[in-house]
Amino acid sequence: MLSVRDLHCEISNQKVLKGLNLSVQPGEIHAIMGPNGSGKSTLASVIAGNENYEITDGVISFLGEDIADMDPEERAHRGIFLSFQYPVEIPGVSVSNFVKASVTEHRKANGLEPLKSGDLLKLMKANLSLLNMGSHFLSRSMNDGFSGGEKKRAEIFQLAMLKPKLCILDETDSGLDIDALKVVAQGVNGLRSDDRSFVIITHYQRLLEYIKPDYVHVLAGGKIVKSGDSTLALELEENGYDGLY
Amino acid sequence: MMGSINTLCVSLKNFAKNKKASIREDSIIVNAQESALNTFLSESDSALSAYWKDHDFIPGFEIQNIDQKAPLIPKTQIQSISANNEFNITILNGRFHKQFSNLPKNINITELCDLSDKAINEVFDAELIKPTKMTLINTALVKNGFLLEAKECSQHRTIYINYLNYSDVSCFNQMRNVYIFEKNAQLSIVEQFFNSEDQPPQLNNVVSELKLEDDAKVKMCSFNGASRGLKSKNINNTFVHQKKHSSFELFNIYTDVNWIKHSVNIVLAETQSNCNLQSISLLDQEQSVNSDLYVCHQAPSCVSKQVYKGIFDDRSKGVFNSCVLVSKNAQNTIATQQNNNIILSDYAVSKSNPQLEIFADEVECAHGSTVGKIDEAALFYLRSRGINKVLAHSLLLRAFLNDVVESVANNDVKKLVLLILDKKLNIIN
Chain P
-7 MLSVRDLHCE ISNQKVLKGL NLSVQPGEIH AIMGPNGSGK STLASVIAGN ENYEITDGVI
53 SFLGEDIADM DPEERAHRGI FLSFQYPVEI PGVSVSNFVK ASVTEHRKAN GLEPLKSGDL
113 LKLMKANLSL LNMGSHFLSR SMNDGFSGGE KKRAEIFQLA MLKPKLCILD ETDSGLDIDA
173 LKVVAQGVNG LRSDDRSFVI ITHYQRLLEY IKPDYVHVLA GGKIVKSGDS TLALELEENG
233 YDGLY
Chain W
507 MMGSINTLCV SLKNFAKNKK ASIREDSIIV NAQESALNTF LSESDSALSA YWKDHDFIPG
567 FEIQNIDQKA PLIPKTQIQS ISANNEFNIT ILNGRFHKQF SNLPKNINIT ELCDLSDKAI
627 NEVFDAELIK PTKMTLINTA LVKNGFLLEA KECSQHRTIY INYLNYSDVS CFNQMRNVYI
687 FEKNAQLSIV EQFFNSEDQP PQLNNVVSEL KLEDDAKVKM CSFNGASRGL KSKNINNTFV
747 HQKKHSSFEL FNIYTDVNWI KHSVNIVLAE TQSNCNLQSI SLLDQEQSVN SDLYVCHQAP
807 SCVSKQVYKG IFDDRSKGVF NSCVLVSKNA QNTIATQQNN NIILSDYAVS KSNPQLEIFA
867 DEVECAHGST VGKIDEAALF YLRSRGINKV LAHSLLLRAF LNDVVESVAN NDVKKLVLLI
927 LDKKLNIIN
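Chains P and W, in that order, give the protein sequences. Sequential numbering from -7 applies to the first sequence in the numbering used here. Sequential numbering from 507 applies to the second sequence in the numbering used here.
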C-alpha cells in the first residue's frame, strides 16, 4: 500500500530524512519508534504532504502512485490520514462543520453523493460515543479548549468518520492517561481491517500493548536502522536506543 | 480632481457671505453655524489643503454641491425595505418620513428643523463634540438630522434605521443625529444604508451624538456595505457620553465599502459605566477603512473594551488608531484594546496604533495588536482532512472573525452578519 524508497528530505536547508525505506502492506500495523529528533514526525508530515518539507531524493508511492507532487487534500482523498501530534485549534469552526466539510470533500472527490444531514449527524454521534465523547462536542470549536486527551480522541473520531486506507498516528499516546489510552486503542482496534493499514509513531511501548503491531521499526539519524516484530518494542524498552546507530 | 478642496472652500466662503442659515432662521442656530464656518475658514487655504492631503481626505471627485435636492425615491422601494422589520425609522435623502416608519411607544423622533430652542442646544453641544475640521463643517452646513429620545423601558427592543439616498449628482452631505437615552432606557439600533444604482460619488459627513443617562443600555450595529455607495466616501463622527451604570455597545461591519473614516469618541463620565467597541473589516480592491477611537475614563470602576479585526486583500487599507485615556481619579478601571489583522496580498496595508495613557494607579489595562498571514499549520491541518486549499483558507478567515461575530447579542442581526461574511468568503453551507 505504502512504499517509501530511499527518501531524503529537508526543511529550511536542514537534512532530516537521509535515505528512509519503509514498506506497508494492506492490513498491517507498523510501529515506528526512535530517539527525539530522529525524524519520526517529519516522516508523518511528508507522507501527509506538508509543503514545508522538500523531498530531495527518493520516492513515496501510495497504492502504486507516486504522491510526491500531490497536494495534502489530494492525498487525503486517496485515503491517507494523519492523526496530528499537536492537533491545531480552530476557534470559530465547530467540530460538526469541520467534519461535515471534510466528509463532503472526500465524497465529492471520490464521486460519491453527499450524505444527508440526518445520516451524517447520526454517524457523527455514533463515532463520538465510541470514543466516550458526548455529542456536545459537535457544537464546540474544533480542538479549542480541549484537554490533551480530548484532542487525541477527536483525531481518532475524524479517522472513524473518514475511514482512510492508511492511518498515520503521530504520537497519539503522548499526554494520555491510561483510561484515555485504552479508549483510543479501542477506537483504533475497532477500525482494523484487511484493507486498512496503520503506522503508529510512538516513544513508548505502552500503546503497543493495546494495539499489537505486526512490525516495529527504529528510526534514528534520519533512516530506519532496525526492524523486527513486536518483541523489538520490549527490547527497546529494556535497552534503549544505544548501539543502534 | 484635486480642485475639490478649492471648490469646497469657494462654496463655503460664498455660503458665509450670503449668510444662508441651514436649519432655521433663528439666532441660536445662525450663530452656532456662522461661528463654526468662520473657525473652519480661519485656516489658510494651503493649510486646509495640506490637512486634507495628510489625512487622505481628498475626495477624488469634484464636489459640485453643498445644497442640493435629491430625486424622489420610488415608494415600492421604500416599502420593500421598511416592511422587513417590526420597528424601523426611514430616512429618505436625509429627511425622516413618519409614514414609512414604525416606532415603539417609548421612542420619539423630531427633525432638527422642528426642534425647540432648548433641544437645539443639545444638538450643538460644543462640550461633547470635538471641534475637528469635519465636525466644524458639519455644524456650519448641516440641514438634515434628527433627535431621537428614548424613554425608560422594561423591554429591550430593536429598531432599524434605514437610510435611503438617491442623489443624482455628487454632493457633500451633512447630517447630525442626536440620541438621548433617559434613565433606564434600553434600545438596540441597527443602521442600514441603501443607495440608488450607479449613484455618482457622495461625500457624506455625519455627526452622531449619543447621551446615555443612568442605567441606560444601548447597542448600535452598522452594516457598512456596498449599499453605502460604491464610490462614495463616508466620514462618521460619533460622540458618546455615558452616565453611571450605563452600557454602550458598538458593532461595525465593513465589506464592499469604498472609503470610510469613522471616529468614535466615548466619555465614561460616571462610575460603573461600560463600553464595548467591536468591528470587522473585510476589504479588497482599493477599499479603505480608517478607525479612530478615543475612550476617556473619567470616573472610577468603568470598563472599556475594543476588539477590531481586519482582513485586507489586493490594495485595501485598514487603519486602527486608538487612544484610551484613564484619568487620575479613574481607579479600578478595566480597559482593553485589541486589534488583529490578516494581510492577504503584497500590497494590502494595515496600520495599527493602540495607545494607553494611564494616570490612575489601581487599573487593569491591556492592549495588543497583530498583523500577519493565515496560520500555515492550521491550513495544513484542514487540507490534510481533504478540505481544498481555497475552502480551508475561507474557513480560517471566518474563524479569525469569530469572537467579534459572537459579540453580537441579537440573533437576527448575527444571522445577517454571518450571511454577509459567508457570501464574501465563499463559504456555502
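Beta carbons are placed, not taken as given, at the ideal position from N, Cα and C, and that holds for glycine.
Worksheet item: Does the Cβ of Asp206 of chain P lie closer than 6 Å to at least one heavy atom of the ligand NAP?
Response: For the structure depicted, the ligand NAP is absent and the ligand set is empty, with no information on it obtainable.
Item to complete: May I ask which residues mark the beginning and end of the alpha helix (DSSP H) holding Phe179 of chain P?
Response: In the sequence on display, residue 179 of chain P carries Gly and not Phe. Run containing Gly179 of chain P: Ile170 to Gly182, per the alpha helix (DSSP H) assignment.
Discussion item. For a test of the three-state rule: what should DSSP assign to Arg948 of chain W, helix, strand or coil?
Written reply: Missing from the structure shown is residue 948 of chain W; chain W here goes from 507 to 935 and no further.
Discussion item. Between Ala118 of chain P and chain W, is any beta-carbon pair separated by less than 7 Å?
Written reply: no
Worksheet item: Going by C-alpha distance, which of W:Ile848, W:Pro610 and W:Ala632 is nearest Ser714 of chain W?
Response: W:Ala632
Worksheet item: Gln804 of chain W and Ala775 of chain W: beta carbons closer than 7 Å?
Response: yes
Worksheet item: Which residue comes first and which comes last in the alpha helix (DSSP H) that contains Asn917 of chain W?
Response: Asn917 to Lys930
Worksheet item: Counting Cβ pairs closer than 8 Å, one from the region 152 to 167 of chain P and one from the region 95 to 115 of chain P, do we hit at least three?
Response: yes
Worksheet item: Near Asn181 of chain P, what residues of its chain come up, given a Cβ to Cβ distance below 7 Å and the 5 sequence neighbours on each side ignored?
Response: Ile203
Fill in: Proximal residues of chain P, C-beta to C-beta of Leu897 of chain W below 8 Å
Ala93 and Glu97
Worksheet item: What span of residues does the beta strand (DSSP E) with Pro83 of chain P cover, start to end?
Response: Ile82 to Ser86
Worksheet item: With 16 as the cutoff for other CB atoms within 10 Å, does Val51 of chain P come out buried or exposed?
Response: exposed
Practice prompt. Determine the burial state of Leu123 of chain P: buried for a count of at least 16 other Cβ atoms within 10 Å of its Cβ, exposed for fewer.
Written response: buried
Worksheet item: Nearest to Ser673 of chain W by CA position, among W:Ile643, W:Asn847, W:Leu598 and W:Val877, is which residue?
Response: W:Leu598
Worksheet item: With a Cβ-Cβ cutoff of 7 Å, do Gly31 of chain P and Pro64 of chain P count as a contact?
Response: no
Discussion item. To be precise: take each residue of the region 40 to 53 of chain P, compare its Cβ to all Cβ atoms of chain W, and keep it if any distance is under 8 Å. Which residues remain?
Written reply: Ala40, Gly41, Asn42, Glu43 and Asn44
Worksheet item: Between the C-alpha atoms of Val675 of chain W and Pro83 of chain P, what's the straight-line distance to the nearest angstrom?
Response: 46 Å
Discussion item. Can you find the residues in the same chain that come closer than 6 Å, C-beta to C-beta, to Asp790 of chain W, ignoring five residues on each side of it along the sequence?
Written reply: Asp819, Asp820 and Ser822
Practice prompt. Classify His128 of chain P as buried or exposed, calling it buried when 16 or more other Cβ atoms lie within 10 Å of its own Cβ.
Written response: exposed
Worksheet item: Does the distance from the CB of Ala883 of chain W to the CB of Ala836 of chain W come in under 7 Å?
Response: no
Item to complete: Check whether the Cβ atoms of Val809 of chain W and Ile840 of chain W sit closer than 7 Å, and answer yes or no.
Response: yes
Discussion item. Considering only their Cβ atoms, is the gap separating Ala898 of chain W from Leu885 of chain W smaller than 7 Å?
Written reply: yes
Worksheet item: When we look at the beta-carbon of Leu718 of chain W and count the other beta-carbons within 10 Å, is it buried (16 or more) or exposed?
Response: buried
Worksheet entry | Pro79 of chain P burial status per 10 Å Cβ neighbour count (16 or more: buried) | buried
Worksheet item: List, in order along the chain, the chain W residues whose C-beta lies closer than 8 Å to that of Glu241 of chain P?
Response: Any property of residue 241 of chain P remains undetermined from this structure, which presents chain P solely from -7 to 237.
Worksheet item: Apart from the five residues just before and just after Val8 of chain P, which ones in its own chain have a Cβ nearer than 8 Å to its Cβ?
Response: Cys1, Glu2, Gly31, Thr34, Tyr45 and Gly214
Item to complete: Examine chain P for any beta-carbon lying closer than 7 Å to the beta-carbon of Asn845 of chain W, and answer yes or no.
Response: no
Worksheet item: Can you find a CB in chain W that lies within less than 7 Å of the CB of Gly103 of chain P?
Response: no
Item to complete: Would you kindly work out how many angstroms separate the C-alpha atoms of Leu642 of chain W and Ser131 of chain P, rounded to a whole number?
Response: 50 Å
Practice prompt. Between the Cα of Gly600 of chain W and those of W:Lys739, W:Arg682 and W:Leu903, spot the shortest distance and give me the residue it belongs to.
Written response: W:Arg682
Worksheet item: Span of the alpha helix (DSSP H) holding Phe606 of chain W?
Response: Looking at the DSSP string, Phe606 of chain W is not in any alpha helix (DSSP H), and its letter there is neither H nor E.
Discussion item. For a cutoff of 7 Å on Cβ pairs, would you count Glu65 of chain P as touching chain W?
Written reply: yes
Worksheet item: What is the rounded straight-line gap between the Cα of Leu200 of chain P and the Cα of Lys174 of chain P?
Response: 11 Å
Item to complete: Since I believe Gly141 of chain P is in contact with Leu168 of chain P (beta carbons under 8 Å), could you give me their beta-carbon distance rounded to a whole number of angstroms?
Response: 5 Å
Item to complete: For Asp187 of chain P, write down the residues that DSSP places opposite it in a beta bridge.
Response: According to DSSP, Asp187 of chain P bridges with nothing at all.
Fill in: Cross-strand partners of Met25 of chain P (DSSP beta bridge)
P:Val210
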